[in-house]
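Here the structure is laid out as structure tokens; the discussion comes afterwards.
Protein chains: 2
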Amino acid sequence: MPVTIYDVAREAGVSMATVSRVVNGNPNVKPLTRKKVLAAIERLGYRPNAVARGLASKKTTTVGVIIPDISSLFFSELARGIEDIATMYKYNIILCNSDQRMEKELQLINTLLEKQVDGLLFMGAEIKEDHLQALTSASVPTVLAATRDADNTLPSVTIDHFQAAYDATKALIDHGHKRIAMITGPINDPLGGLMRYEGYKKALADAGIPLDEKLVAHGNYFYESGLRTAGEFLKLSDPPTAIFAASDEMAIGAIHAVQDAGLNVPADIEVIGHDNIRLVEMVRPRLTSVVQPMYDIGAVAMRLLTKYMNNEHVEEHVVLLPHRIEYRESTRPREN
Amino acid sequence: MPVTIYDVAREAGVSMATVSRVVNGNPNVKPLTRKKVLAAIERLGYRPNAVARGLASKKTTTVGVIIPDISSLFFSELARGIEDIATMYKYNIILCNSDQRMEKELQLINTLLEKQVDGLLFMGAEIKEDHLQALTSASVPTVLAATRDADNTLPSVTIDHFQAAYDATKALIDHGHKRIAMITGPINDPLGGLMRYEGYKKALADAGIPLDEKLVAHGNYFYESGLRTAGEFLKLSDPPTAIFAASDEMAIGAIHAVQDAGLNVPADIEVIGHDNIRLVEMVRPRLTSVVQPMYDIGAVAMRLLTKYMNNEHVEEHVVLLPHRIEYRESTRPREN
DNA sequence: GCTCGCCCGGAAAACGATTGCAACCGGGCA
DNA sequence: TGCCCGGTTGCAATCGTTTTCCGGGCGAGC
Chain A
7 MPVTIYDVAR EAGVSMATVS RVVNGNPNVK PLTRKKVLAA IERLGYRPNA
57 VARGLASKKT TTVGVIIPDI SSLFFSELAR GIEDIATMYK YNIILCNSDQ
107 RMEKELQLIN TLLEKQVDGL LFMGAEIKED HLQALTSASV PTVLAATRDA
157 DNTLPSVTID HFQAAYDATK ALIDHGHKRI AMITGPINDP LGGLMRYEGY
207 KKALADAGIP LDEKLVAHGN YFYESGLRTA GEFLKLSDPP TAIFAASDEM
257 AIGAIHAVQD AGLNVPADIE VIGHDNIRLV EMVRPRLTSV VQPMYDIGAV
307 AMRLLTKYMN NEHVEEHVVL LPHRIEYRES TRPREN
Chain B
7 MPVTIYDVAR EAGVSMATVS RVVNGNPNVK PLTRKKVLAA IERLGYRPNA
57 VARGLASKKT TTVGVIIPDI SSLFFSELAR GIEDIATMYK YNIILCNSDQ
107 RMEKELQLIN TLLEKQVDGL LFMGAEIKED HLQALTSASV PTVLAATRDA
157 DNTLPSVTID HFQAAYDATK ALIDHGHKRI AMITGPINDP LGGLMRYEGY
207 KKALADAGIP LDEKLVAHGN YFYESGLRTA GEFLKLSDPP TAIFAASDEM
257 AIGAIHAVQD AGLNVPADIE VIGHDNIRLV EMVRPRLTSV VQPMYDIGAV
307 AMRLLTKYMN NEHVEEHVVL LPHRIEYRES TRPREN
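Protein sequences, first through last, are from chains A and B. Note that my numbering gives residue 278 to position 272 of the first sequence, counting from 1, and the numbers run on in steps of one. Note that my numbering gives residue 288 to position 282 of the second sequence, counting from 1, and the numbers run on in steps of one.
The following block contains the structure:
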């Protein structure tokens, strides 16, 4: 039978209330009394029951995290940022994989609310009406990380995907390319799929380069799909001279497709990836990539959430983190 | 104010006890009554409070997971295995990063026990006396994943690291190599550092090849350390003709070191990695590697834990999963 | 027609904390 | 000497469930 606050109270000759005060660092306790209580706690090996505490105080110091797939390089880095900041603020994380399946996402939200989490951190692709409804069905603050809902009703932390794709495409254009292929994400991913594609299109348009549908493919962010779709590009009668992929894995797949075709990166074809995951440094040639600060996105999102949980004032609930392009050997050195 | 079981009871015209029975699927409820209760639940949008439930039932359906670093490819895959099985058995996961720091590990164990987790899944390198003591200070079942304590007092799920390293080294020997380098893990890692090293030594000894200390380096499992230590090997007057690394990242680093020196893998130097993370398919040449089934280790560990939590009988508390070598292009085709 | 069980469902006691409120205790001040 | 006051402490209600124990009602067997 575990020792309870009552046992400590008896042992120390005080009331439960006093023990509770000592445990919670309430200053209204005489130093001598505090010492007695602390001694009793030590002697008995008392460990406060967080569940009971949660029931009484209506706070669990736990936040729910819904993530598409923790085994993904991208999301695991994000998760690390989340967890670090959570720890810093004394919160624990209940981690759930959703596989982006809506049904599972909704169910997870519900489960987490049942567990009385103090806040919710949500990652996913599309945010539908059902999500919003589920998320607001209880009054726990929610923050979206690396995602946004269509009309920005929920707080979120992302980068400007449109601009990022624009920049990457522009960089390729500045290198003199006219035939620039893009491997984007699934069409149902508003940010990774659509926004990046839009940025690509805009950059082409601004440069007066006509869009060629044959140079656009949709991948699933994984290596395989990059390898495959880039392979298709190379079979065209008029193949691209540069490729921009919406994920690093796909970009690396593209590089290998190029190499397998006996061509050289970057001499024959330049490649730019997206996200700048750790992987980009582990391939030859090392991959030029749009830096999406995953760790920071997670960290900032969690920080934001703590503010909501403490009822602190936040001035801007939609935060855009800066991005930039990290140039490596999969693109040719710039002129300047 | 959220709706409670009491509200539901009033709405349905029954007692709290009956509502509880319905919610928990207790069969002792007349179908008609059940229907009334279910209707009331629906009408009110009742969501059971898991904290209160946990207090009353002394079960939280939550397990604590202590992991060195979730952003590592190796551990995130493991975590995925854990989470999948946990979900399957209706458990949630509280995920904590330890960075292998003992102090933090002990503190995390304590926090998780305070939160009344029903079980603990621990990953780390070395298990010391302090760990054992902390882990047994409450009576929640614990399983080690991808780790073992020195005298196997705790349940654990791993592969046979000694044999795995032996096999890898042997494969290299069978290819005719005499100068085989090893990049192993830190010396304070009993499995990844020591055991693998022991297996390597034994294989050499069995083949009558003298151990050359200059061909042994300790890395930290990361790419960088593979790149660096392999670079050192190549500077030797009598460099190795094969390298076995205790992690895939280090192996890939080694490959790049070799390539950067103008040599060819596998023609000049063969390389074998360890773990078979997803990365091995994303480099050229693709990496031959010892398969450590991370996902399965996590899954099996979690499954084992559920058995302990349900007081089911388990016949073998130390489980060794099978390993094998997956041959790819970083080694030369075998003769047979 | 009566008794014996068996279902069902209710009352109420845990579960282990937090917390508002009241009480107590000296000391300072008038 | 009496009163007020601030700092400490205790009492007891409360949080929202689960679960034990009990009793009422009803069908069946004799």
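Where is the CB? At the ideal position from N, CA and C, for every residue including glycine. Note that this is a predicted model, so its numbers are computed, not measured.
**OP:** Establish whether the CB of N103 (chain A) and some CB of chain B are separated by less than 9 Å.
**Re:** yes
**OP:** Report back the beta-carbon spacing between L79 (chain B) and I283 (chain B) to the nearest angstrom; my notes put them in contact at under 8 Å.
**Re:** 5 Å
Subject >> Counted within 10 angstroms of its Cβ, other Cβ atoms place N342 (chain B) as buried (16 or more) or exposed >> reply: Confidence in N342 (chain B) is poor, its pLDDT being 49 and thus under 50, which makes the residue's placement unreliable; the coordinate value appears in the next sentence. Result: exposed.
Original post:
When DSSP labels each residue in this structure, what does S143 (chain B) get in the three-state scheme?
Top reply: Looking at S143 (chain B) - three-state DSSP - the assignment turns out to be coil, as it is neither helix nor strand.
Subject >> Runs of alpha helix (DSSP H) lying entirely within the stretch 130-201 of chain B, each at least 4 residues, in chain order >> reply: 135-142 and 167-180
**OP:** Could you tell me which residues DSSP pairs with E332 (chain B) in its beta bridges?
**Re:** B:S295
Subject >> C-alpha gap between E276 (chain B) and A257 (chain B), whole angstroms >> reply: So the two alpha carbons sit approximately 10 Å from each other.
**OP:** For H262 (chain B), name the three-state secondary structure that DSSP assigns.
**Re:** helix
**OP:** Using a Cβ cut-off of 9 Å (strictly closer), state whether H137 (chain B) contacts chain A.
**Re:** no
Original post:
Does any CB atom of chain B fall closer than 9 Å to the CB of S26 (chain A)?
Top reply: Taking Cβ atoms only, chain B never reaches closer than 9 Å to S26 (chain A), which makes this a no.
**OP:** Starting from A248 (chain B), trace the alpha helix (DSSP H) both ways and give me its first and last residue.
**Re:** First-last for A248 (chain B): A248 to A251, but that is the beta strand (DSSP E), not the alpha helix (DSSP H).
Original post:
Along the chain, which unbroken stretches of the alpha helix (DSSP H) at least 4 residues long are found entirely within the stretch 66-100 of chain A?
Top reply: 79-94
Original post:
Applying the criterion that 16 or more other CB atoms from any shown protein chain within 10 Å of the CB defines a buried residue, is I193 (chain B) buried or exposed?
Top reply: exposed
Subject >> L127 (chain A) beta carbon less than 9 Å from that of M300 (chain A) >> reply: Going by C-beta atoms, M300 (chain A) is not nearer than 9 Å to L127 (chain A).
**OP:** Please say whether I278 (chain B) and A248 (chain B) have beta carbons closer to each other than 9 Å?
**Re:** It is a contact, given that the beta carbons lie within the stated cut-off.
**OP:** Going by CA-CA distance only, name the one from B:L293, B:E255 and B:L240 that's closest to G268 (chain B).
**Re:** B:L240
**OP:** On the DSSP bridge assignment, give the partners of N103 (chain B) in chain order.
**Re:** B:I73
Original post:
Does DSSP put V324 (chain A) in a helix, in a strand, or in coil?
Top reply: strand
Original post:
Name the residues in the stretch 222-238 of chain B whose C-beta lies less than 8 Å from a C-beta of chain A; which are they?
Top reply: Y229
Original post:
the stretch 88-117 of chain A: which residues have C-beta closer than 8 Å to a C-beta of chain B, in chain order?
Top reply: E89, D90, T93, N98, I99, I100, L101, C102, N103, N116 and T117
Original post:
Expressed to the nearest angstrom, what Euclidean distance is found between the alpha-carbon atoms of A140 (chain A) and V9 (chain B)?
Top reply: 16 Å
Subject >> Alpha-carbon to alpha-carbon, G199 (chain B) and L221 (chain B) >> reply: 15 Å
**OP:** Could you tell me which of A:A144, A:I186 and A:R107 sits nearest to A131 (chain A), measuring between CA atoms?
**Re:** A:R107
Subject >> Best match in B:G19, B:V123 and B:I88 for proximity to S63 (chain B) [C-alpha to C-alpha] >> reply: B:V123
Subject >> I88 (chain B) vs A151 (chain B) beta-carbon contact at 9 Å >> reply: yes
Subject >> For G125 (chain B), three-class secondary structure by DSSP >> reply: Looking at G125 (chain B) - three-state DSSP - the assignment turns out to be strand.
Original post:
Any chance the stretch 158-178 of chain A sits against the stretch 104-120 of chain A, with 3 or more Cβ pairs inside 8 Å?
Top reply: no
Subject >> Residue ranges of each alpha helix (DSSP H) within the stretch 34-66 of chain A, 4 or longer >> reply: 37-50 and 56-63
Original post:
Which one of A:D166, A:D180 and A:H181 has the shortest CA to CA distance from P196 (chain A)?
Top reply: Nearest of A:D166, A:D180 and A:H181 to P196 (chain A), Cα basis: A:D166.
Original post:
Three-state secondary structure (DSSP) at N342 (chain B)?
Top reply: In this prediction, N342 (chain B) scores a pLDDT of 49, lower than 50, which makes its location untrustworthy; no coordinate-derived value is stated.
Original post:
According to the Cβ coordinates, are I91 (chain A) and L84 (chain A) closer than 9 Å?
Top reply: no
Subject >> Partner residues on chain B for R86 (chain A), Cβ-Cβ distance less than 8 Å >> reply: D75, I76, S77 and N103
Subject >> Inter-residue Cα distance where the pair is T190 (chain A) and I303 (chain A) >> reply: 21 Å
Subject >> contact_flag[the stretch 217-236 of chain A, the stretch 292-299 of chain A] where n(CB pairs < 8 Å) is 3 or more >> reply: no
Original post:
First and last residue of the beta strand (DSSP E) that includes E276 (chain A)?
Top reply: Its beta strand (DSSP E) spans residues E276 to D281.
Subject >> Cut-off 6 Å between Cβ atoms - residues of its own chain near A223 (chain B), not counting five sequence neighbours on either side >> reply: I189 and T235
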